[in-house]
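>
Residue numbers (our numbering): 418 to 730.
(1) The beta strand (DSSP E) with residue 597 in it runs from where to where?
(2) Put residue 533 into one of helix, strand or coil per three-state DSSP.
(3) From residue 507 to residue 626, what distance separates their C-alpha atoms?
(4) Taking residue 733 as part of the beta strand (DSSP E), name the residues at either end of that continuous run.
(5) Residue range of the alpha helix (DSSP H) that residue 455 falls in?
(6) Report the three-state DSSP secondary structure of residue 469 (helix, strand or coil).
(7) To the nearest angstrom, how far is the alpha carbon of residue 495 from that of residue 596?
(8) Measure the alpha-carbon distance for residue 427 versus residue 449 and round it to whole angstroms.
(9) For residue 542, count the other beta carbons within 10 Å of its own beta carbon; 16 or more makes it buried, fewer makes it exposed. Which is it?
(10) In chain order, what residues of the same chain lie with their CB nearer than 7 Å to the CB of residue 445, ignoring the 5 residues before and after it?
(11) Can you name the residues that DSSP bridges to residue 717?
(12) Quick check: residue 530 and residue 706, are their CB atoms within less than 7 Å of each other?
(13) Which residues mark the beginning and the end of the beta strand (DSSP E) in which residue 552 is found?
(14) For residue 654, report the span of its beta strand (DSSP E) as first-last.
(15) In this structure, does DSSP put residue 426 in helix, strand or coil?
(16) Between which two residues does the beta strand (DSSP E) holding residue 609 run?
(17) With a threshold of 6 Å on Cβ separation, who are the neighbours of residue 688 within its own chain once the five nearest residues in sequence on each side are excluded?
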């Protein structure tokens with residue numbers, strides 16, 4: 418069995434793909450084409466993307482979208498309506514108001530936020546599965562799938578690899594990791610995936626987990642920030658206030674079978690306390706997690722205990 422690796426610069430991040438397959442080059446080329454296509458259609462920052470064209474129709478009329486885009490919007494809408502969730506795919510206007518992570522990031526006025534808060538209610542998303550249409554009911558509404566898209570794409574690429582006969586694969590989509598099969602040139606059948614130490618430079622791990630046929634997804638407040646008049650603001654927003662979520666978390670990592678599930682849970686729980694997060698995750702089958710607090714404390718779910726190595730221990 419041959420193996421191949423490809424590194425891509427897409428979606429504002431670095432993507433690494435490794436696959437074991439009789440013809441890895443052709444399979445990697447197919448994966449690259451699909452990821453480029455996903456970015457072109459799902460981006461909220463490209464005015465020509467299908468998602469942006471949908472946003473431009475807000476308050477006007479329903480728009481028919483591609484099946485996969487409809488699927489992710491449908492999943493995202495359902496998850497955005499879960500009571501207490503911090504996930505909201507209608508949050509586009511709030512992201513645009515702050516622009517954290519972009520060169521033109523700035524602190525919006527209270528008047529601006531008051532206006533924006535009227536446009537980010539996920540109840541105002543109307544879906545018609547029979548026609549595959551989406552209607553954003555208010556002018557100015559904008560969907561943003563950034564909290565979910567990378568996980569969705571990773572799952573799709575792994576499904577492609579499996580369907581084409583790959584025996585193993587590894588995808589790192591900007592820190593969103595998904596594995597399949599055995600790692601190369603190792604006697605063990607698990608992958609070791611590091612979890613970034615949020616207080617140190619990239620490449621320094623706070624811990625590492627052993628996984629097989631699973632995903633590791635981390636959300637953190639430490640990478641995209643805005644410093645304004647001496648105050649630091651992160652990019653994970655409270656859709657009730659319009660400001661970044663007030664939290665004791667520095668990062669939240671989810672280990673799950675599907676990368677999309679990891680994306681959902683890392684965002685969904687980010688407005689809760691570290692203790693509440695671990696308590697809830699311990700009750701969810703197939704979902705494991707680790708939190709790192711602003712004080713540098715680590716806590717993790719019970720089932721992760723025998724597969725985690727804390728740095729320095």
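C-beta atoms are modelled at their ideal positions from N, C-alpha and C, and glycine is treated no differently. It should be emphasised that the depicted structure is a prediction, and the values quoted were computed from it without experimental measurement.
So, from the listed chains and residues:
(1) Position 180 of the chain shown holds residue 597. Unbroken beta strand (DSSP E) run through residue 597: 593 to 597.
(2) Numbered from its first residue, the chain shown carries residue 533 at position 116. Helix.
(3) On the chain shown, position 90 is the one that residue 507 refers to. On the chain shown, position 209 is the one that residue 626 refers to. Answer to the nearest angstrom: the Cα atoms are 33 Å apart.
(4) Past the boundaries of the shown model lies residue 733; the chain is included only from 418 to 730, so the question cannot be answered.
(5) Taking the first residue of the chain shown as position 1, residue 455 is located at position 38. Looking at the DSSP string, the run of the alpha helix (DSSP H) that includes residue 455 is 441 to 459.
(6) As a first step, residue 469 is located in the chain shown; it is residue number 52 there, counting from the start. Correct three-state label for residue 469: helix.
(7) Here residue 495 is taken as the residue at index 78 of the chain shown, counted from 1. Here residue 596 is taken as the residue at index 179 of the chain shown, counted from 1. The alpha-carbon atoms of residue 495 and residue 596 are separated by roughly 27 Å.
(8) In the chain shown, counting from the first residue as 1, residue 427 sits at position 10. In the chain shown, counting from the first residue as 1, residue 449 sits at position 32. Distance between the alpha carbons of residue 427 and residue 449 is about 10 Å.
(9) Here residue 542 refers to the residue found at position 125 when the chain shown is read from its first residue. Answer is buried; the Cβ neighbour count reaches 16.
(10) Taking the first residue of the chain shown as 1, we reach residue 445 at position 28. Closer than 7 Å at the Cβ level, and outside the excluded window around residue 445, lie 421, 423, 434, 436.
(11) To locate residue 717, count along the chain shown from 1; it is residue 300. Paired residue(s): 707.
(12) Taking the first residue of the chain shown as position 1, residue 530 is located at position 113. Taking the first residue of the chain shown as position 1, residue 706 is located at position 289. The Cβ-Cβ distance between residue 530 and residue 706 does not fall below 7 Å.
(13) One-based indexing of the chain shown puts residue 552 at position 135. Where residue 552 is concerned, the enclosing beta strand (DSSP E) stretches over 550 to 553.
(14) Counting from one through the chain shown, the residue named residue 654 turns up at place 237. Neither: residue 654 is in no beta strand (DSSP E) and is coded neither H nor E.
(15) Along the chain shown, read from residue 1 onward, the residue named residue 426 stands at position 9. DSSP places residue 426 in strand when its eight states are reduced to three.
(16) Working through the chain shown from its first residue, we reach residue 609 at position 192. From DSSP, the beta strand (DSSP E) with residue 609 extends over 608 to 613.
(17) For the purposes of this step, residue 688 is taken as residue 271 along the chain shown, with counting starting at 1. Cβ within range, chain order: 503, 662.
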